[in-house]
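These notes concern the structure reproduced below.
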Amino acid sequence: MRINKKEILLVIILLSIFLFQSVATLKNTNLIFDEPATLVVSYYFLKDTDTKMSILHPPLGYILAGFPLLFLDIATPYPYQECTDIGYFQCGQHIMFKSVNDPEKIGIYGRFPFIVLSLLFGLLLFLFSRELYGAKAGFFSLLLYAFSPAILAYNTLANATFTDLLVTFFAFNTVYLLWKLLIQGYTKTRLALIGISLGLALASKFTAILLIPIIMILFSVKIFQESNRKKALKKHLINFGIILLIGSVVLHSTYFFSFDSIADSIPKRNLDFVDSLIQKNFAEGSFNRKMADFLVYGLKIPMPEYFSGFAAQYLIESSKNKEGYLNGKIYDGGKWYYFFEVLLIKTPIPLLIFIAISLFFTVKTTKNLVRSNKYFKSPVIFEQLCIFLPIIFFFGIFIPINFNLGLRHILPIIPFMFLFASQITKIRLRDRFHNVFRIFVGLLLLWYIIPALFIMPHYIAYFNEFVGGPENGHKYLLSSNLDQGQDLKKLHNYLETNNIGKIKLSYHGSFDPSYYNISYEAMPMEPYIPWVDAKSKAQEDCSKKKGIIVISVSNLHNYHLNNRSCFDWLQDYEPIEKMGYTIYVYNITD
28 MRINKKEILL VIILLSIFLF QSVATLKNTN LIFDEPATLV VSYYFLKDTD
78 TKMSILHPPL GYILAGFPLL FLDIATPYPY QECTDIGYFQ CGQHIMFKSV
128 NDPEKIGIYG RFPFIVLSLL FGLLLFLFSR ELYGAKAGFF SLLLYAFSPA
178 ILAYNTLANA TFTDLLVTFF AFNTVYLLWK LLIQGYTKTR LALIGISLGL
228 ALASKFTAIL LIPIIMILFS VKIFQESNRK KALKKHLINF GIILLIGSVV
278 LHSTYFFSFD SIADSIPKRN LDFVDSLIQK NFAEGSFNRK MADFLVYGLK
328 IPMPEYFSGF AAQYLIESSK NKEGYLNGKI YDGGKWYYFF EVLLIKTPIP
378 LLIFIAISLF FTVKTTKNLV RSNKYFKSPV IFEQLCIFLP IIFFFGIFIP
428 INFNLGLRHI LPIIPFMFLF ASQITKIRLR DRFHNVFRIF VGLLLLWYII
478 PALFIMPHYI AYFNEFVGGP ENGHKYLLSS NLDQGQDLKK LHNYLETNNI
528 GKIKLSYHGS FDPSYYNISY EAMPMEPYIP WVDAKSKAQE DCSKKKGIIV
578 ISVSNLHNYH LNNRSCFDWL QDYEPIEKMG YTIYVYNITD
């Protein structure tokens, strides 16, 4: 069904509103925690085509963030090899804040591609919903997307979060294209596009590998539906192989078709760690030692950076000593219910209600199809699998891990939630109930939209009414769920407006306060904050202070501090001002 002019106009209006909110966020927030380092890595990655720069993540995000930076005259006091060896945080700090560069301008350029991508994402969601459930469903899902705190929180960032946004987009696109192939028919173009989309997803984040079993399951169901299953098996095995081949070529291209050993694919400081592991676990001269040395130093393979990065992420995620925060408590390791709670309190309640209603009617429809023996042969099974499989896989993988970071890790399930909720537009009740139901849905949409407008541009800090909104969010979650150091610019404006001079500062962020001419005495912070000198870090003085105290809410809760009771004394005081929901200002006189 062709899209008419009225539909095009409504899509443009909704995407324009979404763009307005994105730009407002971009203008009112500074670079967040690891953006200075990530942007520098992105620049070097393209400028010097050094694939070592992206070992912890696949390279697509760095390519997109780095491309606009090539049009800027960026001063680089370090050659890329030296930058690789001294560490990205320190290198990023020097290039952004110790040179003649403008970090805010670099940030705008580096963030811009992800805003453009998120606009395309909204259009893609509209198209998929429209094809599944009709035009009303398309607008419904796009409306949910345009005012989504989760999407608006992360679509203007150029740090590691871009991996989550990218894999969300390309995973959704891959599933959409696969659905079209299975339902609307095979074409070479569709098959090629699926392969390209899969390759770009794999180049976005390592978790995109979950798309492979999803594709296998969908092909298996299609084979089961065919009358000649032997012929169908052969056909879809070939299709699956073609998709993997195209995807692999696309992925390899993002690494500039590198072909090398593992040892030559990673920075020296990481290689020293790998070498120490080999020496620790394998005796000199043993067969296992020779095999390990060959695999790391001798064997040359395509895109070794991808495999070494995958292994590095596995070591990070499987570590037992990663710090987490939930419900006011700091803990080590992970909690299996962490992401369930994150989803429950970071998702707008109206969306949860829409999903519950849609689930009720989905179960009812499925029961009727099963009873009539039509379910396993109907297109409905693909509709449901294309929604539920990505949610199950991309949510389920994070339940057992020992690194509880935040909502962004499960971002890929959000658009599938919009897609599923949009079928509410197809529900038809008896005449006397239908108008009431429509009013009910309309009120829920208002409830969904109004808080999103009021919280602008503080979307990262969004929490729903279950916990009392963003004001109480810090009692439940921190880190990328709330505080990424995004409100330093607001602090600068506040200090300037109120003629406040030197402050005592504990800031959770990598943006150097000196850039905004903030005069401060450093209080205890995380040990890896790059703009604080080593002496200040070593002297962790947690004694009570007087004067104007400025502290990030993460530090107020002692999260990531060496001393987990360092700022307990400050809990007895009320802040005189808050910057957004992340920086608290106190005036301590007693």
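For this note's numbering, count along the sequence shown from 1 and bump the result up by 27.
We put the CB at the ideal spot given by N, CA and C, even for glycine.
By Cβ distance below 7 Å, which residues in the same chain neighbour residue i in space, the five residues on each side in sequence not counted?
i, result
"THR103", "ILE122"
"LEU87", "LEU193, LEU227, ALA230, SER231 and THR281"
"ARG435", "TYR181, THR188, ASP191 and SER507"
"ILE372", "PHE490, ASN491, PHE493, VAL494 and TYR503"
"GLN48", "LEU179 and MET483"
"ILE325", "According to the sequence displayed, residue 325 carries Gly and not Ile. If we look at GLY325 and ignore the five residues flanking it on each side, its Cβ neighbours are SER288."
"TYR136", "PRO95, LEU96 and LEU99"
"ILE270", "LEU218, ILE221, GLY222, LEU225 and ILE242"
"ASN128", "ILE101, ALA102 and ILE122"
"PHE447", "ILE382, SER385 and ILE414"
"ILE417", "Sequence check: residue 417 is Pro here, not Ile. Cβ neighbours of PRO417 beyond the five flanking positions: ALA198, VAL202, ILE241, PRO439, ILE440 and PHE443."
"ALA310", "ARG316"
"ALA290", "LEU298, VAL323 and TYR324"
"LYS125", "none"
"LYS207", "ARG217"
Closer than 8 Å by C-beta to residue i: which residues in its own chain qualify, once you throw out the five before and the five after it? Chain order, please.
i, result
"GLN450", "LEU159, TYR160, ALA164, SER385, PHE388 and THR389"
"GLY496", "PRO478 and PHE490"
"LEU471", "PRO377, ILE380 and PHE381"
"LEU97", "TYR70, LEU73 and LYS74"
"VAL407", "THR392, THR393 and LEU396"
"LEU146", "LEU42, PHE45 and LEU46"
"LYS79", "THR111, SER292, ILE293, PRO294 and GLU332"
"LEU144", "LEU91, ASN182, LEU192, LEU193 and PHE196"
"ILE142", "LEU46, SER49, VAL50, LEU53, ASN182 and THR183"
"GLU498", "TYR608"
What whole-angstrom Cβ distance do residue i and residue j have, given they're in contact under 8 Å?
i, j, result
"GLN340", "THR56", "Their Cβ separation, rounded to whole angstroms, is 27 Å, which puts GLN340 and THR56 out of contact at 8 Å."
"LEU179", "TYR486", "4 Å"
"PRO176", "PRO140", "Contact flag wrong, Cβ pair sits at about 21 Å."
"ILE293", "SER335", "5 Å"
"SER507", "LEU432", "6 Å"
"LEU663", "LEU209", "A query on residue 663 cannot be resolved here, the shown segment of the chain reaching from 28 to 617 and no further."
"GLU505", "ILE437", "According to the sequence shown, residue 505 is Leu rather than Glu. Not really, about 17 Å apart at Cβ, beyond 8 Å."
"LEU169", "LEU36", "Incorrect: roughly 13 Å between the Cβ atoms, too far for contact."
"TYR608", "ALA488", "4 Å"
"GLY536", "ILE59", "7 Å"
"GLN252", "LYS401", "Actually they are not in contact, since the Cβ atoms of GLN252 and LYS401 sit about 12 Å apart, beyond 8 Å."
What residues in its chain sit with their C-beta under 6 Å from that of residue i, if we drop five residues either side in the sequence?
i, result
"GLU62", "ALA185 and ASN186"
"ILE441", "ALA177"
"LEU154", "none"
"LEU260", "ILE250"
"THR452", "LYS163, ALA164 and PHE167"
"PHE174", "ILE476 and ALA479"
"LYS571", "TRP596"
Thinking C-alpha only, which one of the options is nearest residue i?
i, options, result
"LEU597", "PHE166, TYR611 and HIS587", "TYR611"
"ILE615", "PHE284, VAL577 and ASN585", "VAL577"
"PRO484", "GLY312, LEU204, PHE443 and MET606", "MET606"
"GLN120", "PHE538, PRO602 and CYS569", "PHE538"
"SER110", "HIS84, TYR364 and ALA64", "Before going on, a small fix: residue 110 reads as Cys here, not Ser. The option with the nearest alpha carbon to CYS110 is ALA64."
"PHE300", "MET318, PHE314 and ALA338", "ALA338"
"ASN526", "LEU509, ASN544, GLY536 and LEU147", "ASN544"
"PRO331", "PRO602, ILE82, PHE321 and PHE233", "ILE82"
"PHE148", "LYS571, PHE445 and GLY134", "PHE445"
"PHE286", "PRO329, LEU66 and HIS263", "PRO329"
"ASP568", "ILE575, ASN589 and GLY574", "ASN589"
"PRO375", "ASN308, LEU473 and PHE321", "LEU473"
"ARG157", "GLY312, ILE466, GLU34 and ASN308", "GLU34"
Taking the DSSP output, what are the residues bridged to residue i?
i, result
"MET606", "ILE610"
"PRO329", "PHE286"
"VAL577", "LEU532 and VAL612"
"LEU353", "LYS356"
"TYR547", "ILE530"
### Task
Mind the definition here: the stretch 549-556 touches the stretch 520-540 only if three or more C-beta pairs lie below 8 Å; say whether that holds.
yes
### Query
Per the contact definition of three or more C-beta pairs closer than 8 Å, is the stretch 193-201 in contact with the stretch 515-522?
no
### Query
Does the stretch 420-432 come close enough to the stretch 234-252 that 3 or more CB-CB pairs lie under 8 Å?
yes
### Message
Below 8 Å, how does it come out for the stretch 215-226 and the stretch 272-279: are there three or more Cβ pairs, yes or no?
### Response
yes
### the stretch 348-366 in contact with the stretch 576-590 per 3-pair CB rule at 8 Å
yes
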